[in-house]
Each structure stands twice: as C-alpha cells, then as structure tokens.
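Novice: Residue numbers for the sequence shown follow our numbering, beginning at 67 and rising by one.
Take a look at this one; I'll ask things after.
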Amino acid sequence: MNRSESIKELTVALAKAQSQITAAVKDKVNPAYRSSYADLASVWDACREPLNKNGLAVSQLFAEGNEDVRVTVHTMLLHSSGEWLMSSLSLPVEKRTPQAVGSAITYARRYALAAIVGVCADEDDDGNAASRQEAKPPVKKAVVAAVETTIHASTSKASSDEWLGLISDATDAAAMESLLFGLGKAKQFWTPADTKRVGIAFTVKQKLLTSKE
67 MNRSESIKEL TVALAKAQSQ ITAAVKDKVN PAYRSSYADL ASVWDACREP LNKNGLAVSQ
127 LFAEGNEDVR VTVHTMLLHS SGEWLMSSLS LPVEKRTPQA VGSAITYARR YALAAIVGVC
187 ADEDDDGNAA SRQEAKPPVK KAVVAAVETT IHASTSKASS DEWLGLISDA TDAAAMESLL
247 FGLGKAKQFW TPADTKRVGI AFTVKQKLLT SKE
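Shown next as structure tokens:
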C-alpha cells in the first residue's frame with residue numbers, strides 16, 4: 067500500500083466517516099452460488115455521503131496485463147488536505163473476453179472500495195464469471211482483514227493526542243473494535259504515560275458504548 071508522507075488529517079476524517087457508514091444492503095442474488103451479496107452500487111450507497119461529509123473521496127483506475135489474463139484495480143482514498151492512501155488489487159480471469167474482464171473489474175472494485183473505507187458486504191460469491199472456480203466461502207473474513215490492514219496502516223503513527231480524538235469521536239462498539247486494530251503498533255511510538263492515558267480513555271469509552279447497546 068502506498069500513502070502520502072502524512073495521513074494525519076485523513077486518519078481523523080476516515081475514523082469519523084466510519085462511525086457514520088452503514089452496512090451495504092445485500093440486494094443481489096447469485097443463482098449459481100445461491101448466495102446474496104451487495105453490488106458495487108450498494109457499497110457506494112453505504113459510504114458516499116459519510117465520505118463526502120468528511121472531505122474524503124475515492125478514485126478507482128484499472129489496468130490489464132498483456133502477458134497474463136489478469137486485471138488490476140488501483141483504489142485511492144483522497145482527503146481534501148491532499149493526503150492519500152492507495153491500494154492495488156490484482157485478479158485473474160479465465161479468458162480475455164469483455165464479459166470476463168468486465169466482471170473481474172467490477173468484482174475487484176467492490177472488494178477494494180469496501181476494504182479501504184470499511185464497508186462490510188457478506189457472502190460476495192458472485193465473481194464466478196471471472197474465476198470459474200468452486201464456490202468460495204463468505205467474503206466477510208476477507209473484507210474485515212483488509213479493513214483491519216487499512217486502519218492499522220492509517221493510525222499506526224498517529225500521536226496519542228490524535229488517538230484520544232479518534233476515541234472521543236467513536237460512536238459505537240464497532241468503531242472501537244476497528245480502532246483496536248491499529249492501537250497495538252501505535253503504542254510503540256508513545257511514552258509509557260501516553261500509553262496509559264490512551265489505554266484508560268479507550269477502556270472507559272468502550273465500556274460506555276457497550277452499556278448503551
């Protein structure tokens with residue numbers, strides 16, 4: 067994953083946006099795999115407004131390899147400050163036809179968008195037109211793992227004061243769970259006093275939010 071030299075403002079904006087983002091609606095059914103999934107439009111519907119409200123935008127470009135039958139989607143998360151994150155996802159396709167390539171691009175865009183902004187869409191097994199493989203397990207674990215990686219990279223070098231702001235802005239237990247992924251590495255850059263201060267704030271906020279559910 068590539069990033070701008072600083073992502074402090076992007077990190078704060080992303081944390082705020084994630085507290086407002088809802089789960090994508092699984093409004094499509096894959097008859098071959100008998101599973102429901104959220105299509106690309108549904109993922110966008112879940113995150114577009116929270117991203118816009120917090121000065122964030124997403125741009126996705128793709129490239130096709132000449133030697134292998136593969137497509138690569140580059141996804142950039144952009145902030146109004148000029149800060150950015152970029153990840154790339156490359157997928158194989160069975161053959162170079164417009165239908166197979168188009169299916170793989172849409173499939174990759176949906177996965178990448180959901181991962182970089184933190185939208186979860188379960189049972190996304192509809193990429194069979196691109197892969198022609200046996201049915202895959204639900205995508206939830208794959209998406210969550212990618213989200214964890216994004217959050218971890220985004221917050222790992224944030225200061226203790228920035229972390230206190232992120233904790234203060236969290237509005238539910240799910241947001242706190244997401245922040246937990248980056249907390250482990252972030253502590254390496256803090257003094258023992260700062261680590262204790264953030265740890266207490268995190269525990270108190272987590273208990274408060276849990277008691278409201």
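Beta carbons: idealized from backbone N, C-alpha and C, even for Gly.
Inspect the beta-carbon positions of residue 149 and residue 233 and report whether they are closer than 7 Å.
Specialist: Residue 149 sits at position 83 when you count from the first residue of the sequence shown. Residue 233 sits at position 167 when you count from the first residue of the sequence shown. No.
Novice: Return the chain-ordered ranges of every alpha helix (DSSP H) run that is complete within the segment 120-185 and spans a minimum of 4 residues.
Specialist: Complete alpha helix (DSSP H) runs here, min 4: 164-183.
Novice: What first and last residue would you give for the alpha helix (DSSP H) that runs through residue 28?
Specialist: Because the chain in this structure spans residues 67 to 279, residue 28 falls outside the shown range and cannot be described.
Novice: Using 10 angstroms around the beta-carbon of residue 254, count the other beta-carbons present and answer buried if the total reaches 16, otherwise exposed.
Specialist: In the sequence shown, counting from the first residue as 1, residue 254 sits at position 188. It is exposed - the Cβ of residue 254 has fewer than 16 other Cβ atoms within 10 Å.
Novice: Note down the Cα distance separating residue 163 from residue 121, rounded to an integer number of angstroms.
Specialist: Working through the sequence shown from its first residue, we reach residue 163 at position 97. Working through the sequence shown from its first residue, we reach residue 121 at position 55. Each residue's alpha carbon lies about 38 Å from the other.
Novice: Just to confirm, are residue 156 and residue 138 a CB contact at a threshold of 7 Å?
Specialist: By one-based count along the sequence shown, residue 156 stands at place 90. By one-based count along the sequence shown, residue 138 stands at place 72. Cβ distance < 7 Å, so residue 156 and residue 138 count as in contact.
Novice: Is residue 127 near residue 182, with beta carbons less than 7 Å apart?
Specialist: Counting from 1 along the sequence shown, the entry for residue 127 is found at position 61. Counting from 1 along the sequence shown, the entry for residue 182 is found at position 116. The answer is no: Cβ separation not under 7 Å.
Novice: Near residue 179, which residues of its chain fall below 8 Å by C-beta distance, leaving aside the five closest residues on each side in sequence?
Specialist: Along the sequence shown, read from residue 1 onward, the residue named residue 179 stands at position 113. Excluding positions up to five away in sequence, the list reads 106, 109, 110, 113, 124, 126, 141 and 185.
Novice: Of all the options 85, 237, 258 and 75, which has the alpha carbon lying nearest to the alpha carbon of residue 274?
Specialist: Residue 274 sits at position 208 when you count from the first residue of the sequence shown. Considering only alpha carbons, the answer is 237.
Novice: In whole angstroms, what separates the C-alpha of residue 177 from that of residue 272?
Specialist: Here residue 177 corresponds to residue number 111 of the sequence shown, with the count starting at 1. Here residue 272 corresponds to residue number 206 of the sequence shown, with the count starting at 1. One C-alpha to the other measures close to 29 Å.
Novice: Assuming contact is defined by CB atoms lying nearer than 7 Å, are residue 341 and residue 270 in contact in what I supplied?
Specialist: What the structure shows of the chain is the stretch from 67 to 279, and residue 341 is not part of that stretch, so it cannot be assessed.
Novice: Tell whether a beta-carbon distance below 7 Å holds between residue 30 and residue 169.
Specialist: Residue 30 cannot be examined here, being either before or after the span of the chain that is shown, 67 to 279.
Novice: Report, in whole angstroms, the separation of the C-beta atoms of residue 175 and residue 158, which I expect to be a contact under 8 Å.
Specialist: As a first step, residue 175 must be located in the sequence shown, where it is residue number 109. As a first step, residue 158 must be located in the sequence shown, where it is residue number 92. About 16 Å separates the two Cβ atoms, so there is no contact after all.
Novice: Using the Cα positions of residue 256 and residue 267, report the straight-line distance between them to the nearest angstrom.
Specialist: As a position in the sequence shown, residue 256 is number 190, starting the count at 1. As a position in the sequence shown, residue 267 is number 201, starting the count at 1. Looking at the two C-alpha atoms, the distance is approximately 15 Å.
Novice: Going by alpha carbons, who is nearest to residue 226 out of 69, 78 and 71?
Specialist: If you number the sequence shown from 1, residue 226 lands on position 160. Nearest of 69, 78 and 71 to residue 226, Cα basis: 78.
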